[in-house]
Structure formats: C-alpha cells, structure tokens
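Encoded as structure tokens, the structure appears first; notes follow it.
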Amino acid sequence: MYLKRLEIQGFKSFATRTAFELGPGITTVVGPNGVGKSNVADALRWVLGETSGRLLRARKLEEVIFSGSSRRSAANAAEVSITLDNSDGWLPLDFAEVAITRRARRSGDSDYYINRKRVRLKDITDLLLRANASQSSYAIIGQGLVETILNLRPEERRFLLEEAADVQRYRLKIEETWSVSSSWSMR
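The following block contains the structure:
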C-alpha cells in the first residue's frame with residue numbers, strides 16, 4: 001500500500017484545489033519557509049482522523065479552513081482526500097484503490113468518506129489501525145521529529161523503532177503461544 005494521490009482544498013493555506021501525485025517509496029516535501037510544507041503534513045494527519053488541535057497547529061476546527069487573504073475570500077469548507085494504492089491488499093477492503101475524504105464546514109460539521117461512501121470517523125480509524133497506518137503511526141514525520149529521534153537515548157530510540165514496526169503485536173502473540181504451550185505441558 002502507498003499514498004498515490006493527495007488533494008487539498010480550502011485547508012489552511014490551500015485556498016484552491018491542489019493535487020499531489022505520488023509514487024511508491026519515500027516522499028519528501030521540501031521548499032522555502034512559508035510555502036505550506038507543514039500544512040501538507042497537517043492535511044495528511046487531518047484526513048487520517050487527527051482531532052488534536054495542538055497537533056494540527058489550530059485551536060479549533062474552524063482554523064483549518066482557509067481564512068482568506070487580500071486576494072481570496074475565505075473558504076466555506078476544507079476538504080482533504082487521499083487515494084491509497086491497495087493493490088497488495090494491505091487494507092482489508094476489496095478495492096485496488098481506496099479513497100479517504102474528510103470535509104469540514106464552518107458550522108462545525110464534519111463528514112468522512114471511504115470511496116465516496118459516508119462513514120464515521122471510527123470506521124476510518126479502525127480501518128487504518130488494522131493496517132498499522134493511522135495518523136499516530138510514523139508514516140508522517142513532521143518537522144522536528146527527526147532531530148528529536150536523533151537526540152533520544154539508544155533504548156528510547158529502540159522503543160520508538162519497535163513501536164513503528166509494530167513489534168508489540170508479535171510479542172503478544174509469542175506470549176500467548178507460550179502461555180497455551182505451558183498450559184498443555186502441565187496436563
């Protein structure tokens with residue numbers, strides 16, 4: 001699975017529809033200060049279900065909606081869509097491509113969609129958690145995180161890498177297997 005396309009409209013500094021076509025592998029967003037690089041990362045976190053205003057650098061939902069400029073009027077809504085290539089079946093859906101969309105209006109209403117079908121935020125977070133691709137995963141590395149990781153003690157860095165690799169899930173399975181095995185040997 002990989003992020004194939006990102007579309008942003010009315011979200012923070014993206015007044016008009018902007019699309020990013022991406023390929024498999026690592027993608028890096030670079031550019032001079034003030035061009036919206038951090039807003040791209042925020043848009044990804046937001047569409048993946050992030051609700052923390054602090055992590056999105058906004059005090060309230062309305063602040064993610066483009067507020068206008070000297071040349072453009074304020075947007076009435078923000079919309080972010082991602083298209084994921086699911087040809088490898090990483091997501092437990094029977095589609096080669098999966099589109100996830102989040103739309104928010106100034107009224108405070110938010111809508112969520114998977115392949116244009118309206119869903120709950122919980123449906124999106126559950127789907128992404130099953131694929132280890134939630135907004136809290138390390139798939140999106142924001143500004144400053146690399147430096148933070150480099151400054152960690154070795155044991156903290158190892159914990160972080162194990163968390164990113166979802167090692168805990170396998171440790172639990174091993175413990176469960178040993179537990180079952182031990183109970184059989186005691187009989």
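Note that the working numbering numbers the sequence shown so that position 148 is 148, with each residue one more than the last.
Backbone N, C-alpha and C fix where the C-beta goes; we use that ideal spot for every residue, glycine too.
- Burial state of Lys4 is buried, judged by a 10 Å Cβ sphere holding 16 or more other Cβ atoms.
- Here Ala41 carries a helix assignment [DSSP, helix/strand/coil].
- Inter-segment contact for the stretch 70–79 and the stretch 88–95 is absent: fewer than three beta-carbon pairs are separated by less than 8 Å.
- Taken in chain order, the unbroken stretches of beta strand (DSSP E) that lie wholly in the stretch 51–94 and span 3 residues or more are 77–85.
- For Gln9 and Trp46, the gap between their C-alpha atoms comes out near 13 Å.
- Secondary structure at Asp123: helix, using DSSP grouped into helix, strand and coil.
- As the crow flies, the alpha-carbon of Ile82 is around 12 Å from that of Val40.
- The beta carbon of Leu22 sits closer than 8 Å to the beta carbons of Tyr2, Leu3, Lys4, Arg5 and Leu6 from its chain, once the five residues preceding and following it are set aside; these are given in chain order.
- In the three-state reduction of the DSSP assignment, Ser110 falls in the strand class, which pools E and B.
- Beta-carbon to beta-carbon, Gly49 and Thr125 are separated by about 5 Å, close enough to satisfy the 8 Å threshold.
- Within the model, the alpha-carbon separation for Thr27 versus Val146 is close to 15 Å.
- Apart from sequence neighbours up to five positions away, the residues of its chain that approach Ser13 with a beta-carbon distance below 6 Å are Gly36 and Asn39, ordered along the chain.
- Take Ala99, set aside five residues on each side of it, and the residues of its chain with a beta-carbon closer than 8 Å to its own are Ser81, Ile82, Thr83, Leu84, Tyr113, Ile114, Asn115 and Arg116, in chain order.
- Contact between Leu91 and Leu127 is confirmed by a C-beta separation of about 6 Å, below the 8 Å threshold.
- For Val30, there is no enclosing beta strand (DSSP E), as DSSP gives it neither H nor E.
- Annotation for Lys4: the continuous beta strand (DSSP E) segment containing it runs Tyr2 to Gln9.
- For Val98, the enclosing beta strand (DSSP E) stretches over residues Glu97 to Arg105.
- In the DSSP assignment, the residues bridged to Lys117 are Ile114.
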